[in-house]
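Here the sequence shown is numbered in this note's numbering, starting from 19 and rising by one per residue.
All C-beta atoms in this analysis are idealised placements derived from N, C-alpha and C, irrespective of residue type, glycine included.
Working notes, structure below.
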Amino acid sequence: MNFSFRMPFRLSLVFVFPFLFSLQGKTQTRYFTTIFPGISVSSPFSDKSELNLSSSAQYNTLAREYDGTSYPAAFNYVDFQIGAVYKYNQHMHIAAAWYYRNTDPGRSSSFSENRFWQQVTFISRIGNLRFRNRLRMEERLITRNGRTEPLKWRLRYQTGFEIPLQGEKTDIKEFYAVLLNEAYFSLSKPRSAFYGENWISAFLGYRISAKSRLEVGPAWQTQIRNTEKEKNNLIHLQANLLIQTNFLKKNH
19 MNFSFRMPFR LSLVFVFPFL FSLQGKTQTR YFTTIFPGIS VSSPFSDKSE
69 LNLSSSAQYN TLAREYDGTS YPAAFNYVDF QIGAVYKYNQ HMHIAAAWYY
119 RNTDPGRSSS FSENRFWQQV TFISRIGNLR FRNRLRMEER LITRNGRTEP
169 LKWRLRYQTG FEIPLQGEKT DIKEFYAVLL NEAYFSLSKP RSAFYGENWI
219 SAFLGYRISA KSRLEVGPAW QTQIRNTEKE KNNLIHLQAN LLIQTNFLKK
269 NH
């Protein structure tokens, strides 16, 4: 496969899933807008492995009402995650994590989720484009009103690329762009749909220093919420601060 063919083929993968997903919905769609800040801190503890801590919060910016139910301008959820990454080589990374989410915090509808996931990421380059394909398996335990629901399984597939905007690579105080698409597949029943959710994200990144980056941009989330294929459409304004430290390696 030559370069001229591989380039449009790989780029097209980013858009295939949302096109297929859009064919499923057929009735009422709800619309929401949010701001979605997050922070991620990583530290290597060997030449091939690192620890990661991250947290984010999603805030619904405009109050809505659908079918007599109010959705206030308030936090949709806050979350925390701790995980580890093993870099088998420059092309394949393996990771696992524990994730906690509190949805509708401080309200009567509040519930929590403990999530465990395992993933493998494949990284490749064509010229100055950096491609990423990620496959993640999730095990989800959702607790409502003091009762934990049966374990739910979900598969996620993300594809996308990163490209420097000032030269052939991104140096300190330079910009880059990231485009991602992620599809969600429910492996447990009952479920609203097997292919029930999709995210498209576009970020403008800025390398603040050798160990820190800031990425800001919109994300479009489409979610099938019931068996009638009614949808939620959410537009998020995301801002992610990514920091790498060496505090673990100093102990060796």
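#### Entry: Proximity below 8 Å, CB of Leu271 to CB of Leu266
Given that the chain is displayed from residue 19 to residue 270, the structure contains no residue 271 and the question cannot be resolved.
### Query
Can the beta-carbon of Gly223 be found closer than 8 Å to that of Leu198?
no
### Beta-carbon proximity list for Ala81, same chain, < 8 Å, skipping 5 on both sides
Ser88, Tyr89, Pro90 and Ala91
### Task
Please go through the same chain and pick out, in chain order, the residues whose beta-carbon is closer than 7 Å to the beta-carbon of Leu153, but skip the five residues on each side of it.
Gln137, Val138 and Tyr175
### Span of the beta strand (DSSP E), counted from its first residue to its last, around Glu68
Ser67 to Asn78
### Message
By the DSSP assignment, the beta strand (DSSP E) with His111 in it spans what residues?
### Response
Met110 to Thr121
### Nearest neighbour of Phe54, chosen from Gly235, Ile242 and Ser126 [CA to CA]
Of all alpha-carbon atoms in Gly235, Ile242 and Ser126, the one lying nearest the alpha-carbon of Phe54 is that of Gly235.
### Query
Straight-line CA distance for Ser85 to Asn258?
Position check: residue 85 holds Asp in this sequence, whereas Ser was assumed. Each residue's Cα considered, the two are about 34 Å apart.
### Query
What does DSSP give as the partner residues of Leu232 in its beta bridges?
Tyr224 and Leu259
### Task
Rounded to whole angstroms, what's the CA-CA distance from Gly43 to Ala237? Just pull it up for me.
At Gly43 the pLDDT is 48, less than 50, meaning the model places this residue with poor confidence and gives no usable figure here.
### Message
Could you check if Asp122 belongs to the surroundings of the ligand GTP, using beta carbon to heavy atom distance under 7 Å?
### Response
As far as ligands go, the structure on display features none, and thus does not contain the ligand GTP.
### Task
Check Ser219 in the structure and name its three-state DSSP category.
strand
### Task
Identify every residue that forms a DSSP beta bridge with Glu83.
Residue pairing for Glu83: DSSP places it in a beta bridge opposite Ser88.
### Task
On a CA-only basis, which of Leu71, Leu173, Glu233 and Asn250 is nearest Ile100? Give me that one, please.
Leu71
### Message
Suppose you measure from the CA of Gln180 to the CA of Phe140; what does that come to, to the nearest Å?
### Response
It should be pointed out that residue 180 corresponds to Glu in this sequence rather than to Gln. Using only the alpha carbons, I get a separation of about 14 Å.
### Task
Evaluate the contact criterion for the stretch 154–163 versus the stretch 181–188: three or more CB pairs, one atom per stretch, below 8 Å.
Three or more beta-carbon pairs separated by less than 8 Å are not found between the stretch 154–163 and the stretch 181–188, which leaves the two stretches without contact.
### Query
Where does the unbroken beta strand (DSSP E) through Arg152 begin, and where does it stop?
Leu147 to Arg162
### Task
Could you check what DSSP says for Ala211 in three-state terms: helix, strand or coil?
coil
### Query
Between Phe11 and Leu173, which are expected to be in contact by the criterion C-beta below 8 Å, what is the C-beta distance as a whole number of angstroms?
No statement about residue 11 is possible, as the shown extent of the chain runs from 19 to 270 and does not include it.
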